[in-house]
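S.K.: Residue numbers (this note's numbering): 192 to 403. Cβ atoms here follow ideal geometry from the backbone N, Cα and C, with glycine treated the same way. Here the structure is a predicted model, which is why all the values come from computation and not from measurement. The structure follows.
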């Protein structure tokens, strides 16, 4: 299997590098950090990223995406890492959006992915519950409540959770805390009753949040 980038990927890399050098250099991250920006990123720059098609790179064209793939998203993410670009691309597209795309039904994809690709919606993914990586160790529970579910639990290190319009939460519908089965994904609107989101700045100035 060849790992050499395609011509299209190289063009995408060059385009991303030029944009990020101008609009999201390391100096911009420092400015956002030093001014205690409430979002932690520039919404104007994020809008420009969405207009370039970055928000929808891996998603199907019928949902407003570019219909490319995860490798192409990786190309752009690598360039974002090179300049430490402050943006919700990782949280919104690679985490929250990916969970909706891979596990949601068509109605959920239409509801969330179409505005996401246009830059109008921010998503986050809430998985981690402790200080160590243990994706199957989930204590948060989801219980039937009428036509929906009631979720109880706490999630840490939710990237860009404080600005997300909705959070995709991993919660347990059955089994014990360490069981690999009995897990589900639930899209929780940021305005849902009982939801609290507390922003936490990481040591590098990046956004995270505690959600419960």
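Have a look at the DSSP bridge pairing and note the partners of residue 266.
M.R.: In the DSSP output, where bridge partners are listed per residue, residue 266 has none listed.
S.K.: Return the CA-CA distance between residue 340 and residue 374, expressed in angstroms with no decimal places.
M.R.: Between residue 340 and residue 374, the C-alpha separation is close to 13 Å.
S.K.: So is residue 379 buried or exposed if we call it buried at 16+ other beta carbons inside 10 Å?
M.R.: Buried: at least 16 other Cβ atoms inside 10 Å.
S.K.: Just curious, the beta strand (DSSP E) that residue 334 is in, first and last residue?
M.R.: Its beta strand (DSSP E) spans residues 332-336.
S.K.: Near residue 317, which residues of its chain fall below 6 Å by C-beta distance, leaving aside the five closest residues on each side in sequence?
M.R.: Contacts found: 346, 349, 358, 360, 402.
S.K.: So which of 386, 224, 264 has the shortest CA-CA distance to residue 398?
M.R.: The shortest C-alpha separation from residue 398 is found at 224.
S.K.: Flag residue 339 as yes if its beta-carbon sits less than 8 Å from any beta-carbon of chain B, otherwise no.
M.R.: You won't find chain B in this structure, because it holds only one protein chain.
S.K.: I need the straight-line Cα distance from residue 196 to residue 265, nearest angstrom please.
M.R.: So the alpha carbons of these two residues sit roughly 11 Å apart.
S.K.: Answer with buried or exposed for residue 272, where buried requires no fewer than 16 other C-beta atoms within 10 angstroms of its C-beta.
M.R.: With fewer than 16 other Cβ atoms within 10 Å, it is exposed.
S.K.: My output table needs one value for residue 379: the three-state DSSP class, helix, strand or coil.
M.R.: It is a strand residue.
S.K.: Excluding the 5 residues preceding and the 5 following residue 326 in the sequence, name in chain order all residues of the same chain whose CB lies nearer than 7 Å to its CB.
M.R.: Excluding residues within five positions, the ones whose Cβ falls inside 7 Å are 318.
S.K.: Residues bridged to residue 210 by DSSP?
M.R.: DSSP output for residue 210 lists no bridge partner at all.
S.K.: Distance check for residue 307 and residue 291, CA to CA, integer angstroms please.
M.R.: Going by the C-alpha atoms only, they are around 11 Å apart.
S.K.: Going by DSSP, what residues sit across from residue 227 in a beta bridge?
M.R.: DSSP output for residue 227 lists no bridge partner at all.
S.K.: Residue 362 lies in the beta strand (DSSP E); which residues open and close that run?
M.R.: From DSSP, the beta strand (DSSP E) with residue 362 extends over 357-363.
S.K.: Tell me the DSSP bridge mates of residue 389?
M.R.: DSSP, once it has assigned bridges, lists 401 as partnering residue 389.
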